[in-house]
Every structure is written in structure tokens, then in C-alpha cells.
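Asks: Residue numbers (this note's numbering): 1 to 341.
Built from N, CA and C at the ideal position, the CB exists for glycine as well.
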């Protein structure tokens, strides 16, 4: 094994299928030295090489959350050997005394080995759940609080597989094409709105512990997660964000989070790689009883009254995009885990 002493940065990358359709899923966020992209070292099938040695194990429950210290290479030609080696490394190093600067690595790593569960589902259930997800994205369903019980494995497979990331990349690409097609006036009043949760940063580590939407939403538990400030960037959205910023748009962040979460939200966004937004708009004390669509419509109206032209809007909920004072063009990111009216 050849040691690489530099820290690496990975955001929501999914490696290709390995032996027997098994997948390795990595989620961990930027360090101060953004060096490598794990996907660049992976190849189709069992020919990829990847590995890591870890300094501190934070918890093991179906998946492994840890903090990464060094980057190594493992031969993945034998998946069973790789799994055994990985777990031995994790347990042995968990009790080691190697020191590190935790501030360099402020957010969690999740490694998950999983097989597609769709092959264990009947064709009728897969078809039903696919139709349900399409209806969600097309805004054809009424209000719903949890995903259907029979679709639990389907939603998990979608969120952890390549389809979700591919869908995000498609939205990002089309948004970028549109943004580049516009001729900005140059007066600093051309704006692009971004939602935050499941748009710029992902709460998938939280929802992976809560059934991927199978459990009813719990405000207290979710607030605890938010206060950790460790939600990783959604990489396609970060790419779009940087391009929109480069093109000269004024970036408005419009979120359903409350004002008491402002500081942790700023910290989380900054650590995830987002910088230089113009406004961060959160709910105030007077917004408690407002629906998301009413609150965001009101705030967009205020922006237009200030003279801003809202040319683009990105969000994972229809309530981010619809209502009044809408953008010239809106872009919906996929999210089958929850619904906010």
C-alpha cells in the first residue's frame, strides 16, 4: 500500500458497481486541502482501487461513520477480502492513539456496502413505486407525510444508487445551460434563488437513520442534526452555484430554516464549499404559521420590490418554486423522501 499524506475531499460520490453488484457508497465532506476525487480512482467492475485508513470510529450501525485521516489504496479484485480488510482496519485503528487535527475534517464519513434491493421486490411493486416517485416529482400527489411502506426499499435503493446522483447532475447541467444563455444587465439586480436543504446540502445521513422518509418527520430530532452543521454539499449543485456566481448573478438563499439556525447554517454552508451569497433569508418569529409556499412567495415578492429580477430558482420542493413572484425559470431537484407544502 502506498501512503498519500494529503487529505482528500469527496462529496456525494457513488463508486461503480463492484463484484456481485455490490456498491461502496462514500459520503464525506471537504477538508482544508481539497485534493482528490475518489471517483477518479474507480473503474467499472472489480478493477477499481480504493481504500482508506481511519483514525477515529464514531459509530457502527448498518453503516460506518468515521473521520478520515490518510488515504490509501486497496486492491478490490476480491470483494470479500476487501470487506474483511476494511473492517479489521476500522476496529484496530479505532483503538489506536494516532493524533490528528479534528478541525481539518469537520464532517462525518459514511461508508455503506449495499446490494440493490430491487431484485428482491416484485415487478409490480417496483412499477408502483416508480410511478409514485414520478408523481411526486411532477407534483401530482396531494400532501403526504411519509413514503409508502411498500416503497421503503425502492426509495433507499434510489437514494443510494446512481440514479439519484444522475438526476441531480441532469438538473445542474440544464440549469447551467439556461444560466449561460441569459444576457445579464450588469446592474447587479439579476438574481438566482437557491433553497438549502436537499438543494445545496444533503441531509441524507440523517434520513438514512430514519427510513429514508418512512418515519414521520420529527422536528426535535432534525434540529439536533442541523445543529451538528455537518450536512455535505450536493456536488452537482455546488458546481452550478459556482458557475452562477461566476456569471455575475446575485445569489439569494431562501430556506425554511429559522433565524436561530443562521450561524450554524452559515458555518455548514461555508464548510461545504459555498461562499459569497448576497442574502440568506430564513423564517422569523412571524413566519411560524406560514406554509412554505406562502413564506417563500412573500420573500420573493420582497426581492422583486427591491428591484431584483429573479431569473432562476433551484429547489427540491414545489413549494420552493411555485406560488407568486416566481422566477423566470425554475429547476426542481429530485427528492422522494419528504414533502413540504
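Counting C-beta neighbours from all protein chains within 10 Å, is the total for residue 198 16 or more, i.e. buried, or is it exposed?
Replies: What you label residue 198 is simply residue 198 of the chain shown in a count that begins at 1. When all chains shown are included, residue 198 counts as buried.
Asks: Quick one: grab the DSSP three-state call for residue 197.
Replies: Along the chain shown, one-based indexing puts residue 197 at 197. Residue 197 falls in the strand class under three-state DSSP.
Asks: Report yes if the C-beta distance between residue 190 and residue 309 is below 8 Å; otherwise report no.
Replies: Working through the chain shown from its first residue, we reach residue 190 at position 190. Working through the chain shown from its first residue, we reach residue 309 at position 309. Yes, they are a contact pair.
Asks: Among all the DSSP beta bridges, which residues are the ones paired with residue 281?
Replies: The residue labelled residue 281 in the question sits at position 281 within the chain shown. According to DSSP, residue 281 bridges with 254.
Asks: For a quick check, are the C-beta atoms of residue 240 and residue 175 less than 8 Å apart?
Replies: The count along the chain shown starts at 1 and reaches residue 240 at position 240. The count along the chain shown starts at 1 and reaches residue 175 at position 175. Their beta carbons are under 8 Å apart, which means residue 240 touches residue 175 by this criterion.
Asks: Taking C-beta to C-beta, are residue 314 and residue 194 nearer than 8 Å?
Replies: Locating residue 314 in the chain shown gives position 314, counting from the first residue. Locating residue 194 in the chain shown gives position 194, counting from the first residue. In contact: residue 314 and residue 194 (Cβ atoms closer than 8 Å).
Asks: Quick check on DSSP: helix, strand or coil for residue 246?
Replies: The residue given as residue 246 occupies position 246 in the chain shown. In this structure, residue 246 counts as helix in the three-state DSSP scheme.
Asks: What does the Cβ neighbour count give for residue 134, buried or exposed, with the cut at 16 atoms within 10 Å?
Replies: Residue 134 sits at position 134 when you count from the first residue of the chain shown. So residue 134 ends up on the exposed side.
Asks: Where do the ends of the beta strand (DSSP E) carrying residue 330 lie?
Replies: Residue numbering aside, residue 330 sits at position 330 when the chain shown is read from its first letter. Run containing residue 330: 329-332, per the beta strand (DSSP E) assignment.
Asks: Once DSSP output is grouped into helix, strand and coil, what is the label at residue 311?
Replies: Here residue 311 refers to the residue found at position 311 when the chain shown is read from its first residue. It is a strand residue.
Asks: Determine the direct distance from the alpha carbon of residue 254 to that of residue 273, and round the result to whole angstroms.
Replies: Residue 273 sits at position 273 when you count from the first residue of the chain shown. Residue 254 sits at position 254 when you count from the first residue of the chain shown. Taking the straight line from one Cα to the other gives about 18 Å.
Asks: Leaving aside the five residues before and after residue 248 along the sequence, list all residues of the same chain whose C-beta is less than 6 Å from its C-beta, in chain order.
Replies: Within the chain shown, the letter at position 248 stands for residue 248. Excluding positions up to five away in sequence, the list reads 184.
Asks: Pick helix, strand or coil for residue 192, following the three-state DSSP scheme.
Replies: Your numbering for residue 192 matches position 192 in the chain shown. Note: residue 192 maps to strand in three-state DSSP.
Asks: Got a sec? Which residues, its chain only, sit under 6 Å from residue 236 by beta carbon, not counting five neighbours each side?
Replies: For the purposes of this step, residue 236 is taken as the residue at position 236 of the chain shown. If we look at residue 236 and ignore the five residues flanking it on each side, its Cβ neighbours are 168, 169, 172.
Asks: So for residue 322, helix, strand or coil by DSSP?
Replies: As a working mapping, residue 322 is identified with position 322 in the chain shown. The answer is coil: DSSP assigns residue 322 none of H, G, I, E or B.
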